[in-house]
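A.B. asks: This is the structure, below, for whatever I ask next.
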Amino acid sequence: MPVDEVVQQARRDLAPVPRVPGAPKADALLVADGVRRSFGGVNAVDVEHLEVQRHVITALIGPNGAGKTTFFNLMTGFDKPDAGRWDFDGTSLAGVTASRVAKTGMVRTFQLTKALARMTVLDNMRLGARSQPGEGLFTALVKPLWAPREREITDKAMSLLERFKLDTKKDDFAGELSGGQRKLLEMARALMSDPTLVMLDEPMAGVNPALTQSLLGHITDLRDTGTTVLFVEHDMHMVRHISDWVVVMAQGRVVAEGPPSEVMADQAVIDAYLGAHHDMDLGDDALLDEGGVIDAEADAEAAAEVPTPTEEKAP
Amino acid sequence: MDFGQLATNVLTEMLGPTAIAYALAAIGLNIHFGLTGLINMGQAGFMLLGAYGFAISTIQGAPVWLAFLVAVAAAVVFALLLGLPTLKLRGDYLAIVTIAAAEIVRMIGRSTALTEVTGGAEGLTGNSFKATFQDASPFPDDRWTLGPITLATNASNSWWLRIVGWGLVLLACLFVWRLVRSPWGRVLKGIREDEDAVRALGKNVYGYKLQALVLGGIFGALGGVVFVLASSVQADSLGRPVTFNTWTILLLGGAATVLGPVLGSLLFWAALVFVRGFLRGVIPPDTLSVQQIEQIGWVLVGLTLMALIVFRPQGILGDKKELAINAR
Numbered sequence: 032m033p034v035d036e037v038v039q040q041a042r043r044d045l046a047p048v049p050r051v052p053g054a055p056k057a058d059a060l061l062v063a064d065g066v067r068r069s070f071g072g073v074n075a076v077d078v079e080h081l082e083v084q085r086h087v088i089t090a091l092i093g094p095n096g097a098g099k100t101t102f103f104n105l106m107t108g109f110d111k112p113d114a115g116r117w118d119f120d121g122t123s124l125a126g127v128t129a130s131r132v133a134k135t136g137m138v139r140t141f142q143l144t145k146a147l148a149r150m151t152v153l154d155n156m157r158l159g160a161r162s163q164p165g166e167g168l169f170t171a172l173v174k175p176l177w178a179p180r181e182r183e184i185t186d187k188a189m190s191l192l193e194r195f196k197l198d199t200k201k202d203d204f205a206g207e208l209s210g211g212q213r214k215l216l217e218m219a220r221a222l223m224s225d226p227t228l229v230m231l232d233e234p235m236a237g238v239n240p241a242l243t244q245s246l247l248g249h250i251t252d253l254r255d256t257g258t259t260v261l262f263v264e265h266d267m268h269m270v271r272h273i274s275d276w277v278v279v280m281a282q283g284r285v286v287a288e289g290p291p292s293e294v295m296a297d298q299a300v301i302d303a304y305l306g307a308h309h310d311m312d313l314g315d316d317a318l319l320d321e322g323g324v325i326d327a328e329a330d331a332e333a334a335a336e337v338p339t340p341t342e343e344k345a346p
Numbered sequence: 202m203d204f205g206q207l208a209t210n211v212l213t214e215m216l217g218p219t220a221i222a223y224a225l226a227a228i229g230l231n232i233h234f235g236l237t238g239l240i241n242m243g244q245a246g247f248m249l250l251g252a253y254g255f256a257i258s259t260i261q262g263a264p265v266w267l268a269f270l271v272a273v274a275a276a277v278v279f280a281l282l283l284g285l286p287t288l289k290l291r292g293d294y295l296a297i298v299t300i301a302a303a304e305i306v307r308m309i310g311r312s313t314a315l316t317e318v319t320g321g322a323e324g325l326t327g328n329s330f331k332a333t334f335q336d337a338s339p340f341p342d343d344r345w346t347l348g349p350i351t352l353a354t355n356a357s358n359s360w361w362l363r364i365v366g367w368g369l370v371l372l373a374c375l376f377v378w379r380l381v382r383s384p385w386g387r388v389l390k391g392i393r394e395d396e397d398a399v400r401a402l403g404k405n406v407y408g409y410k411l412q413a414l415v416l417g418g419i420f421g422a423l424g425g426v427v428f429v430l431a432s433s434v435q436a437d438s439l440g441r442p443v444t445f446n447t448w449t450i451l452l453l454g455g456a457a458t459v460l461g462p463v464l465g466s467l468l469f470w471a472a473l474v475f476v477r478g479f480l481r482g483v484i485p486p487d488t489l490s491v492q493q494i495e496q497i498g499w500v501l502v503g504l505t506l507m508a509l510i511v512f513r514p515q516g517i518l519g520d521k522k523e524l525a526i527n528a529r
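Protein chains in written order, with this note's numbering: chain A, 32 to 346; chain B, 202 to 529.
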C-alpha cells in the first residue's frame, strides 16, 4: 500500500476511537500501562493507559508541569519510572537503556536543543546513522572496513540536509547555527536512522515565527513519508494545524484525548489548560472591585475544595 | 655564560626520556580529555602502575615483551576498576576517584609491607630491571655522538631508549590520528559535547567512555615504563605533580589535536631547562643557590603558562574558533 494511503487509513481508524483518556487504537505503536513517576511525593507522571496510533501525528499537550517531558524521558529510557510497563512495536521497553531504546526505532529530540556544538553540521548528521562498523574501536583502525558505509551515510546526510535547507552549512560548527536551525538539525539528525517513531520535545520552542511554518511543514512531511510522530507542544494553536490526534495531560495524568478540534472545545481541557478565567479581560477594572465576579467565584471554588476528593489521596 | 652548552642541555632534555614519557602520558590524557571529555586527574597512577608492572615482572624473570604486556595489562585493569563504577555518574566523580586512586597506588607502592615486591619508599633500582631492555638493543655497546649530544648506545639514558621511546610516540600519534578521523572518534567527540544527545542517537555511551579510559591509560602506562627505564622506579617520582605537569603539557600543546601533546612536552621541558640554565648562568651563586634557581625555574614556567592560557587558551595547535563556541 502506498504511504499516503497508509496514512489515510490510519486517520480513518482514529475516527471511531472513543474520546476518553486511554482509548484503545486500531494500530497502536506505543502502548503505556500504569506508568508512574513521583518526585518526592509529587506525582509527576501517572498515566494509567495510553496508546499512540501508528502513522499519524499525535500531539501531547498540557500546561507547564503537566509531566509531558517526564513522560518522554520515561518512554525513551532517560528516566526510570516507579512502576509501569510500556511496549513499543510489540516489544517491552521497561528498564531498557536509552541507547537501546533508540536502536529499536524510537528516537527523540530535546526541549533544550542538543546540537553537538563543536562538531560540524555534517558530523552531527553522520553521528545519527546506524550500523557504521567504524564505530567499533578495532574496525575504526582499518579504513577500508568502514569507508563504503561512510559514503552511504554522507550521501544520506546530504540529502536530509538539503531537505531541511541546511546543506550550505554542512561545514560550519553546529554551535554557529541559529536556534531555529539547531532545531532543524536535531530533527534531521534523528531521521538519519530511519526511526519508526520520532518523539519531538517542544520542536517549536524558541523558534522565530518565520521558521515555525517550515518546521510544521517538516513535521507533516515526516508523517507523509511513513514515520509516526509524537510531539510535545505548549501552544494549542500550533497543534491544531498539524496533529491528527491530541492527548492532553495535566498534573501527570491523561485528562482527555481526541481530534484537535474536539479536544480544544472540551470544557474540562480548557479549564485544566488555560484556567477557568482564560477569556476574562483582566484589564477590566470592574473585576477588581471588592465582591466582584472573580472574588465570588474564588470563594465558591475554595468552599468546594475543602473536602479533598478521595481520588487525589491515592498514591 | 656558555650558550652553546645551554643549547645542548636544552636539546638533550627536549629529546630525552622524560619528554618522551610525558608526551606518551599526555597523548593518553588527550584521549581522555581532548576527545572524550573525561577528566582524569590520576594519569600519574597509570604511569606508576605501568612502571611497577614492567619492573616487577622483569625482576621475576619475564622477557621484555611480556614485561611490556604486564605494564599494559595493569593499566587496563586499573582503568576498568576506576571506570566501571564511576563512568555512569557525572564527570566530576571520575576526577575525584582518579586523583584518589592514583594516590592509593603511590601509597601502596611505597608502603613498608610490600618492600620485598616494590622496594617500598626506596623503590626499585634501575639496574634490577633494565637489563632485558638493554639486551634487546641491536646496537654494540658504545658511545655515539649526534651533533652536540653524546650518549651511550644502550646503557640507561641511552640512544636505544630514545629510539624506542620516540618510536612509541610516533606509533601512538598515528594511532590517535587514525582514530580521531574515524567514526569511533566521532562518537567520542559527540560524547564530549553532550552525552545525552549521543545516547538518544542509540550509542552505548558508557561502553565508549570505558574504551577511551582504558586506551588513554595504556599510553600512560607506556609513558611510565619509558620514564623509569631512564632512572629507577620510585613511587614518589610519579606523584600528583606528574599528573599536573601532564595536564599543563596537554593544554600547552592543544587538547583535541594529534600532535599537541608531543609539542607541548617538547616545549615544556625545553623551557624548564632553558630557564634554569640561563638563571644559573647570569645570577651569581651567592645571590641565589642552585636549589633556589631550580624553584624559580618552576615559577617562571608557571607564569609563562598562565600567560599562554590567558592569551592563547586553545593551546599552540588548537583551533581558536572551536574553543570560542560555548559547548552547551
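Here a beta-carbon is modelled for each residue, glycine too, at the ideal position from N, C-alpha and C.
#1: In this structure, how does DSSP classify Met215 (chain B) when only helix, strand and coil are distinguished?
#2: Name, please, each residue of chain A whose Cβ falls closer than 8 Å to the Cβ of Gln412 (chain B).
#3: Is the CB of Asn231 (chain B) under 8 Å away from at least one CB in chain A?
#4: What residue from B:Asn328, B:Val463, B:Gly321 and B:Thr505 has the CA that sits closest to Ala436 (chain B)'s CA?
#5: Does Asp232 (chain A) pass the burial test, meaning 16 or more other C-beta atoms within 10 Å, or should it be called exposed?
#6: Of all Cβ atoms in chain A, is any one closer than 8 Å to the Cβ of Ala528 (chain B)?
#7: Using the rule of at least 16 other Cβ atoms within 10 Å of the residue's Cβ for burial, across every protein chain shown, is Thr341 (chain A) buried or exposed?
#8: Is it the case that the region 147-155 of chain A contacts the region 392-408 of chain B, given that we only count it when at least three CB pairs across the two stretches are under 8 Å?
#9: In chain order, what residues of the same chain have a beta carbon less than 6 Å from the beta carbon of Gly424 (chain B), not counting five sequence neighbours either side?
#10: DSSP three-state label for Arg149 (chain A), please.
#11: I want to see whether chain E comes within less than 8 Å of Gly159 (chain A), judged by CB atoms only; does it?
#12: Give me the chain A residues within the contact set of Val427 (chain B), using Cβ-Cβ distance strictly less than 9 Å, ordered along the chain.
#13: What does the Cβ neighbour count give for Gly262 (chain B), buried or exposed, with the cut at 16 atoms within 10 Å?
#14: Kindly indicate which three-state DSSP category Ile88 (chain A) falls into: helix, strand or coil?
#15: Could you check what DSSP says for Gly417 (chain B) in three-state terms: helix, strand or coil?
#16: By how many angstroms is the C-alpha of Phe469 (chain B) removed from the C-alpha of Val511 (chain B)?
#17: With which residues is Arg68 (chain A) paired in a DSSP beta bridge?
#18: Spatial neighbours of Ser258 (chain B) within its chain, please: C-beta separation below 6 Å, excluding the five flanking residues on both sides.
#19: Which residue marks the beginning of the alpha helix (DSSP H) containing Glu304 (chain B), and which one marks its end?
#20: Expressed to the nearest angstrom, what Euclidean distance is found between the alpha-carbon atoms of Gly478 (chain B) and Asn446 (chain B)?
#21: When the cut-off is 8 Å and only beta carbons count, does Trp276 (chain A) lie next to chain B?
#22: Taking DSSP as the reference, what is the three-state secondary structure of Ile609 (chain B)?
#23: With a threshold of 8 Å between beta carbons, is Ser359 (chain B) in contact with chain A?
#24: Bridge partners for Thr259 (chain A) per DSSP, in chain order?
#25: So Asp154 (chain A) contacts chain B; which residues on that side make the cut at Cβ distance below 9 Å?
#26: Cβ of Leu45 (chain A) versus every heavy atom of the ligand PLP: is any distance shorter than 7 Å?
#27: Mind listing the chain B neighbours of Gly165 (chain A)? Cutoff is C-beta to C-beta under 7 Å, in chain order.
#28: If Val66 (chain A) sits next to Val76 (chain A), beta carbons under 8 Å apart, how far is it from one beta carbon to the other, in whole angstroms?
C.D. replies: According to the data block:
#1: helix
#2: Leu168
#3: no
#4: B:Gly321
#5: buried
#6: Here the model assigns Ala528 (chain B) a pLDDT of 44, short of 50, so the residue's position is not dependable, and the following value carries that caveat. Chain A contact via Cβ: present.
#7: Caution is warranted here: a pLDDT of 44 is assigned to Thr341 (chain A), below 50, making its placement in the model unreliable, and the coordinate value is therefore given only provisionally. Exposed.
#8: yes
#9: Ala222, Leu225, Ala226 and Met248
#10: coil
#11: Of the protein chains in this structure, namely A and B, none is chain E.
#12: The contacting residues do not exist; Val427 (chain B) stays about 23 Å from chain A at best.
#13: exposed
#14: strand
#15: helix
#16: 17 Å
#17: A:Val76
#18: Ala268 and Val271
#19: Gly292 to Arg311
#20: 20 Å
#21: no
#22: As displayed, chain B neither begins before 202 nor continues past 529, which places residue 609 (chain B) out of reach and without an answer.
#23: no
#24: A:Leu228
#25: Arg387, Lys390 and Gly391
#26: The ligand PLP is absent from the structure shown, which contains no ligand whatsoever.
#27: Ser383, Pro384 and Trp385
#28: 6 Å
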